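There are 2 protein chains.
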Amino acid sequence: MEAADRIGQASASLTPAERRVAEVVLEHPQLVAFGTVADLAEQSGSGAATVVRLATKLGFDGFTALQASVQHDLARQLRPAAERIREPAATDAIANHLSLELDNVRATLSSLDGGALSDVVSHLADVGRRVFVLSGDASQGVAAQLVADLSALRDRVLRIGGNDVAVRRQVALLEPADVVLMLDLRRYDRWVIDAAREARRVGVWAVAVTDSLLSPLAAVADRTLVVAAAGGGPFDSHVGTLALFNLLVAGVADRLRTAVTDRLDRAEAAWQGSGSLSDR
Amino acid sequence: MEAADRIGQASASLTPAERRVAEVVLEHPQLVAFGTVADLAEQSGSGAATVVRLATKLGFDGFTALQASVQHDLARQLRPAAERIREPAATDAIANHLSLELDNVRATLSSLDGGALSDVVSHLADVGRRVFVLSGDASQGVAAQLVADLSALRDRVLRIGGNDVAVRRQVALLEPADVVLMLDLRRYDRWVIDAAREARRVGVWAVAVTDSLLSPLAAVADRTLVVAAAGGGPFDSHVGTLALFNLLVAGVADRLRTAVTDRLDRAEAAWQGSGSLSDR
DNA sequence: TCGTCGATGGAACAACAGTTCCGATCATAC
DNA sequence: GTATGATCGGAACTGTTGTTCCATCGACGA
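So the protein sequences, as listed, match chains A and B.
So for the first sequence, my numbering puts the first residue at 47; every next one is plus one.
So for the second sequence, my numbering puts the first residue at 47; every next one is plus one.
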């Protein structure tokens, strides 16, 4: 998209008001294509002059040229898709992945049982219990994402990992009141299964996030959440798993609402004070 | 479609010239939505007055009303999902998250430009270059997932992170032939922006994965991939980002096919030998 | 053949929208 | 604290566009 590209190019040299207009252009292209300068100005809380200035700054010959460009893009976008297909050769791969990942998310979330979900959330939101996350090697990233998000909401969320010795020590130190979330997909990591069995022996409450109810993790878990992980490349896709984790995190945040807002406010204050976050 | 319906309704009572205009309206709606009375008149070989007369005869309050109706239809057609799905919210948490995450995946992958994608994949698949991944704190997990997957396909994939001192050292040691992938969403981490700017100064080829073309990362990147990250909980969702990463990984695997199969075979042999993986 | 009526497009008009200019305001630096 | 510069929005201006009016053309009937 011509206009979008130019906005990205010039984003560094935009004034605050121009930036507000540019955001509206990116988010509501129809407003540019169908609307007027005044409409854009109102929507972005700026003046008409600023809108025109942005258009010229982007290299267009006035607002009219910018509008024509956006109209052109929009018209191309709503061609009956039959014509769109032949444009880039890569479209096939994109469309293929798109349907694959959509299926993963859909299958994972819609096969979810409400009762099981709220049971898992309850355990994860129980601040009296420690939460441990155990993940196979291939899913370390999403596991880390879960641990990070949960840690922002509550204390004592820990990842079991490192070398074999460290894992054995961490598992040995589990207590019956703890909660452990175990994540692994087919071609299960031996050490994960071993750790899971040992955890079960200790008597902790365990939830398995895995690809089948026949998984060895499901056998030793109190609850099992099944994820779809069909991948278009050489590896499994953890998109569905991550969507599930987001749902769990949102659930925990909801249960701990008052405590969470307090935690997040304090973190926010710390960030504000140090200026370590930036809106732009 | 309102206008089309009314044309069908009134088709019997249309004069020859009006009929020509009506045909243009049906076949080239963009001309009505984006064009003027004069454009329509010229295209249909009639006069401006005839165009206006048709509009009023169809029950519209002048051409402007007809145009607004066509624009409305086109705008609705342009958004297959984005705003249509958001309407029936507030049902239950699972369905809400489901539509949200589906939108994230859909918006992220379908807004992708085939050319940009293959350019990024080419750089990531260039084994002559080192690949560095730089990520904001909130997305460390998915970044780690990308690094792990890429590392399985090729050597010299490294994550820039750790404490501030370590980051500065790693960035300072970048070379012009390197490739850096920068990932961060709104409320950008100051240190990520600083590191990205420094990397740009060094002259490395950079791709930004971020939430807007107005992101500070986009300003210093050679390519920018925009992701949708609407979250149902307190945090952003990285589901769309992970889907995009899967696509990148699959692309890299495809480019390096022969080398990759060899690598994976050797890893497979190692796992087989040690029995560290299990089917059940 | 002439007159009447509907159809049609060109031209005038009025409203609107894009552009430009300028004064006010804010931030910044000295 | 003052001065300078950038930034911004309101208002005048000008070009464009939708609308309306009217002269012309053609068909049909007397």
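Just so it is clear, CB atoms sit at the ideal spot from N, CA and C, and this is done for glycine as well.
Here the structure is a predicted model, which is why all the values come from computation and not from measurement.
Starting from the C-beta of residue i, find all residues in its chain whose C-beta is less than 7 Å away, skip the five residues before and the five after it, and write them out in chain order.
i, result
"residue 48 of chain A", "115 and 119"
"residue 117 of chain B", "79"
"residue 235 of chain B", "182 and 183"
"residue 237 of chain B", "210 and 213"
"residue 105 of chain B", "52"
"residue 97 of chain B", "67, 83, 86, 87 and 109"
"residue 245 of chain B", "217, 220, 226 and 252"
Considering Cα atoms alone, identify which of the options is closest to residue i.
i, options, result
"residue 108 of chain A", "A:265, A:259, A:88 and A:82", "A:82"
"residue 298 of chain B", "B:224, B:169, B:289 and B:91", "B:169"
"residue 144 of chain A", "A:290, A:279 and A:301", "A:279"
"residue 256 of chain A", "A:286, A:248 and A:246", "A:286"
"residue 113 of chain A", "A:85, A:272 and A:313", "A:85"
"residue 56 of chain B", "B:121, B:226, B:252 and B:103", "B:103"
"residue 247 of chain B", "B:173, B:226 and B:230", "B:226"
"residue 203 of chain B", "B:209, B:214 and B:179", "B:179"
"residue 146 of chain B", "A:95, A:156, A:88 and A:138", "A:156"
"residue 258 of chain B", "B:240, B:277, B:229 and B:243", "B:229"
"residue 176 of chain B", "B:221, B:66 and B:274", "B:221"
"residue 267 of chain A", "A:250, A:277, A:282 and A:110", "A:250"
"residue 123 of chain B", "A:283, A:76 and A:153", "A:76"
"residue 205 of chain B", "B:241, B:231 and B:233", "B:241"
"residue 239 of chain B", "B:198, B:223 and B:217", "B:217"
Using a Cβ-Cβ distance under 8 Å, would residue i count as near chain B?
i, result
"residue 72 of chain A", "yes"
"residue 181 of chain A", "no"
"residue 69 of chain A", "yes"
"residue 236 of chain A", "yes"
"residue 264 of chain A", "no"
"residue 195 of chain A", "yes"
"residue 151 of chain A", "yes"
"residue 269 of chain A", "no"
"residue 117 of chain A", "yes"
"residue 227 of chain A", "no"
"residue 112 of chain A", "no"
"residue 233 of chain A", "yes"
"residue 188 of chain A", "yes"
"residue 293 of chain A", "yes"
"residue 319 of chain A", "no"
Kindly indicate if chain A contains any beta-carbon less than 8 Å away from that of residue i.
i, result
"residue 169 of chain B", "no"
"residue 147 of chain B", "yes"
"residue 377 of chain B", "The requested residue 377 of chain B does not occur in the structure, where chain B is confined to residues 47 to 326."
"residue 178 of chain B", "no"
"residue 206 of chain B", "no"
"residue 62 of chain B", "no"
"residue 324 of chain B", "yes"
"residue 156 of chain B", "yes"
"residue 109 of chain B", "no"
"residue 242 of chain B", "no"
"residue 311 of chain B", "no"
"residue 174 of chain B", "no"
"residue 78 of chain B", "no"
"residue 166 of chain B", "no"
"residue 305 of chain B", "no"
"residue 123 of chain B", "yes"
"residue 54 of chain B", "no"
Can you give me the Cβ contacts of residue i inside the same chain, cut-off strictly under 6 Å, excluding the 5 residues immediately before and after it?
i, result
"residue 162 of chain A", "269"
"residue 295 of chain B", "195"
"residue 173 of chain B", "200"
"residue 243 of chain A", "266"
Could you pull out every residue in the same chain whose Cβ sits closer than 8 Å to the Cβ of residue i, ignoring the five residues on either side in sequence?
i, result
"residue 164 of chain B", "297"
"residue 99 of chain B", "64"
Against chain A: residues of the segment 82 to 106 of chain B by CB proximity under 8 Å: In summary, no residue of the segment 82 to 106 of chain B has a CB separated from any CB of chain A by less than 8 Å.
Selection of the segment 276 to 290 of chain A by Cβ proximity to chain B, strictly under 7 Å: Flagged, chain order: 277, 278, 279, 280, 281, 283, 284, 285, 288 and 289.
Which residues, taken in chain order from the segment 200 to 225 of chain A, show a beta carbon closer than 9 Å to some beta carbon of chain B? none
Quick check for students: name the residue ranges of the alpha helix (DSSP H) that lie wholly in the segment 212 to 291 of chain A, counting only runs of 4 or more. 236 to 248 and 262 to 265
What runs of the beta strand (DSSP E), each 3 residues or longer, lie entirely inside the segment 120 to 186 of chain B? 177 to 181
Report the residue ranges of all alpha helix (DSSP H) runs contained in full by the segment 82 to 124 of chain B; include only those spanning at least 4 residues, in chain order. 83 to 90, 94 to 103 and 109 to 124
Contact set between the segment 246 to 262 of chain A and chain B, restricted to residues whose Cβ is under 7 Å from the partner: 262
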